[in-house]
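This report refers to the structure that appears directly beneath it.
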Amino acid sequence: MSHHHRLAYVDEHRWVALCRHGVLHIRWNYFSFHLPLSGFRHLLTVLVEGTSKPFDGPVEQEAYRLRFRDDGLFQLHVGMLVCWFSVMDMILFRNMLLLANGALAQTDLVEDTTKAPPIDSLLNIPFSTN
Numbered sequence: 001m002s003h004h005h006r007l008a009y010v011d012e013h014r015w016v017a018l019c020r021h022g023v024l025h026i027r028w029n030y031f032s033f034h035l036p037l038s039g040f041r042h043l044l045t046v047l048v049e050g051t052s053k054p055f056d057g058p059v060e061q062e063a064y065r066l067r068f069r070d071d072g073l074f075q076l077h078v079g080m081l082v083c084w085f086s087v088m089d090m091i092l093f094r095n096m097l098l099l100a101n102g103a104l105a106q107t108d109l110v111e112d113t114t115k116a117p118p119i120d121s122l123l124n125i126p127f128s129t130n
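Shown next, in the form of structure tokens:
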């Protein structure tokens, strides 16, 4: 596998890739962040739970939180990073991550699930504003 294996692609500014170290690189417009596989799964759970039913309050899991604001935007916390999405962008972002999750199931990468990363490591998530 090259350094990055693309799992999902919307356009050149929105995609998910897996590096050979088992870290997911998520790019959305002008920012990108990197997550371990366990963090990716927590994020995906929050997104699916928070967007697949009438939104009646925040959804949280580990360092990930999603809430629907009074101004009609979704507010997503990924560790210390806070992102705002319109409803359409949130659906596109969620679907991109669902597609990446499906592609991830097809890779030969095997995750060691015997030990979860400490919560402190999830609070300091590297990101850039490209």
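If you're matching positions, the sequence shown starts at 1 in the UniProt record's numbering and goes up one per residue. Glycine included, C-beta positions come from ideal geometry on N, C-alpha and C.
Q: Ignore the nearest five residues each way along the sequence and tell me which others in His77's own chain have a CB closer than 7 Å to its CB.
A: For the purposes of this step, residue 77 is taken as residue 77 along the sequence shown, with counting starting at 1. If we look at His77 and ignore the five residues flanking it on each side, its Cβ neighbours are Tyr64 and Arg65.
(Q) For Cys19 and His4, which I take to be in contact (beta-carbon distance under 8 Å), what is that distance rounded to the nearest angstrom? (A) Here residue 19 refers to the residue found at position 19 when the sequence shown is read from its first residue. Here residue 4 refers to the residue found at position 4 when the sequence shown is read from its first residue. Yes, they are in contact, since the Cβ atoms of Cys19 and His4 sit about 5 Å apart, within 8 Å.
(Q) So, for Leu92: in the same chain, excluding its five sequence neighbours on each side, which residues have a beta-carbon less than 8 Å away from its beta-carbon? (A) What you label residue 92 is simply residue 92 of the sequence shown in a count that begins at 1. Counting only Cβ-Cβ distances below 8 Å, and skipping sequence neighbours, we find Val10 and Arg14.
(Q) Whether or not the stretch 65-75 and the stretch 25-36 are in contact is what I'm after, with contact meaning three or more pairs of Cβ atoms, one per stretch, closer than 8 Å; do they touch? (A) no
Q) When you compare only the Cα positions, how much space is there between Val87 and Thr107? A) Position 87 of the sequence shown holds residue 87. Position 107 of the sequence shown holds residue 107. Their Cα atoms are separated by approximately 31 Å.
(Q) Just verifying my parser: in three-state terms, what is the DSSP assignment at Ala105? (A) Indexing the sequence shown from 1 puts residue 105 at position 105. Of the three classes helix, strand and coil, the one that applies to Ala105 here is helix, per DSSP.
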